[in-house]
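Residue numbers (this note's numbering): 9 to 566.
What follows is a single structure, written as structure tokens, with notes after it.
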Ligand code: GLY
């Protein structure tokens, strides 16, 4: 039995305290999923750029050197904190449904989803937001011109780089779809097959596309040569994009979700990402338990039960806030969490089917990417970027080098039917022209009087539960190495199973959880790729850590 503690009193001042930090860490830290991207960020800092310029460089370089996870053909969420005035903002560069999209576009005449239509090829692609976000970041928050910050990415695209295991795995898993499109196969395959280790990936068309973005900013992608080539290629291959879709694309600056857990101020992504709300709801539920002093099985059981309830609400209530009303205040309220907590039993799992309402999410996914940055002045960035599944739609628009996303699958394409993540979803997330599909991306800042945390990870619907485990590590005073490496387990309401990394649960944990009624399912391999930074102000220490499961690089430098 966990020792119940008084529900945490929400100290209002915590939500607003130290908005303005007095001084930076006098060092910089960058953690990203690829050493060339981390190096690109430092190159730009050394040229006088700030964390926001570095975020442009790291994002654009990841688009080149980790093409399976993000890219100019995708989108993402950039959480920023500006040191000089404490401004915190999210750049919503999420993809949008094309104007010709409609709710039934992936269904056959019987109303059944056509297999893979929302996952492969140009019809699965939303209108990209990443190029617009980079231009906005540079114009509004950077110190350097976009052309300077895009330099490293252009260099790596035109000169090429040697691919690693992450790339080879992704190309293998998507070989078939890449083979379907000559422009994709020419770039990403070798003699029409997955390349051998040591393959040098050169992307000259992508370098030229980046160059047009560097010269003309937003218009260099969404108008003119790039836009024309994108639309021509998409339509020729059966897609529905028009020039108007590209011309109308705009990023949106949104207020982040701010919440509190045991004295930690948390700042995270708002809808159209479900990340911030689901994370806050889980931690609100957990705030009344003494997790640190609970035995291992009880601790995990309570985390799973909190996940079950918050992920159910994700499915039922969340979507693009420009299209649906979201009961944000209620979902974030401690009273609402207290109500949910009442039905949590410490001696038994709650079958998901006994909770009201249904729609659900499913796990998986180690595509998508994340970067965390802090500069010497204390400017902060946490950004999670995606093209959805590995290698997105598998479709490169000829002459652009741009690999398009398959983010349309993040919509509820058919009520009651799971998507690639097992998401069933409801009306709030149905397809509508110009709407943003619901995401799970959870770029997050953590703040106490003495410590700043910056973290996030890829991983589809598992993103939020991974960040939850990272936050709990931070809350219990552990180092970033432990946030990124802790064994992971996940429950998302439906299917009613606890997924866990092979080494995440001990034999005792497994027996204990099964005895409580949980169904356990090991994942085939470890998942996630967290990138994290800790600034311990009291100790004057800056630390960065990159997930040991992949090939990222986390560096701290003067
Ligand atoms: N495509 C994964 C997500 O946005 O959650």
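Glycine residues also receive a C-beta, built at the ideal position from the N, C-alpha and C atoms.
Counting along the chain, the unbroken beta strand (DSSP E) around residue 549 starts and ends at 549 to 554. Taking C-alpha positions only, residue 144 is separated from residue 138 by approximately 10 Å.
Looking only at 223, 286 and 536, the smallest Cα-Cα distance to residue 555 is reached by 536. Excluding sequence positions up to five before and after residue 562, its CB lies within less than 6 Å of the CB of 39, 552, 553 and 554, all in the same chain and listed in chain order. For residue 388, the secondary structure class from DSSP, reduced to helix, strand or coil, is strand. DSSP lists 405 as the beta-bridge partner residues of residue 410. Along the length of the stretch 440 to 516, whole alpha helix (DSSP H) runs at least 4 residues long occupy 471 to 483 and 488 to 493, reported in chain order. When C-beta atoms of the stretch 188 to 201 are compared with those of the stretch 246 to 253, fewer than three pairs fall below 8 Å, so the two segments do not count as touching. Contact check for residue 451 and residue 377: beta-carbon distance about 11 Å, past the 8 Å limit, so the pair fails to qualify. In the DSSP annotation of this structure, the continuous segment of the alpha helix (DSSP H) that includes residue 68 starts and ends at 59 to 73.
Cβ atoms of residue 492 and residue 527 stay farther apart than 8 Å, at about 28 Å. In the displayed model, residue 559 falls within coil according to three-state DSSP, outside both helix and strand. Residue environment analysis places residue 529 among the exposed positions, since fewer than 16 neighbouring C-beta atoms fall within 10 angstroms of its C-beta.
Residue range 83 to 89 is occupied by the beta strand (DSSP E) that includes residue 88. Residue burial is scored here from C-beta neighbours: residue 350 has fewer than 16 other C-beta atoms within 10 angstroms and is therefore classed as exposed. Residue 323 has its CB no nearer than 7 Å to any heavy atom of the ligand GLY. The Cβ atoms of residue 158 and residue 275 do not sit closer than 8 Å to each other.
Taken in chain order, the whole alpha helix (DSSP H) runs of length 4 or more contained in the stretch 265 to 328 are 283 to 294 and 304 to 325.
Taking non-hydrogen atoms of the ligand GLY into account, the C-beta of residue 304 is found less than 7 Å away from none of them. Assignment of residue 231 by DSSP, reduced to helix, strand and coil, places it in the coil class. DSSP lists 99 as the bridge partner or partners of residue 261.
With 16 or more neighbouring CB atoms inside 10 Å of its own CB, residue 284 falls in the buried class. For residue 194, the uninterrupted alpha helix (DSSP H) run begins and ends at 190 to 196, by DSSP. A distance criterion of 7 Å places the beta-carbon of residue 328 beyond contact range of the ligand GLY, judged by its closest non-hydrogen atom. The C-alpha of residue 250 lies about 8 Å from the C-alpha of residue 106. The beta carbons of residue 401 and residue 390 sit no closer together than 8 Å.
Taking each of 66, 417 and 45 in turn and checking the Cα distance to residue 129, the smallest one comes out for 417.
Short of 6 Å from the beta carbon of residue 185, and not among the five residues preceding or following it, lie these beta carbons of its own chain, in chain order: 128 and 402.
Here residue 559 is near residue 174, since their CB atoms are less than 8 Å apart.
Taking the Cβ of residue 396 as the reference point, at least one heavy atom of the ligand GLY falls within a distance shorter than 7 Å. Annotated three-state conformation of residue 50 is helix, per DSSP. The residue among 100, 221, 262 and 252 with its C-alpha nearest the C-alpha of residue 108 is 252. A straight line joining the alpha-carbon of residue 161 with that of residue 202 spans about 23 Å.
Excluding the 5 residues flanking it on each side, residue 118 has no same chain C-beta neighbour closer than 6 Å.
Here residue 269 really is in contact with residue 479; their C-beta atoms are around 7 Å apart, less than 8 Å. Going by beta carbons, residue 459 and residue 544 fall inside the 8 Å limit.
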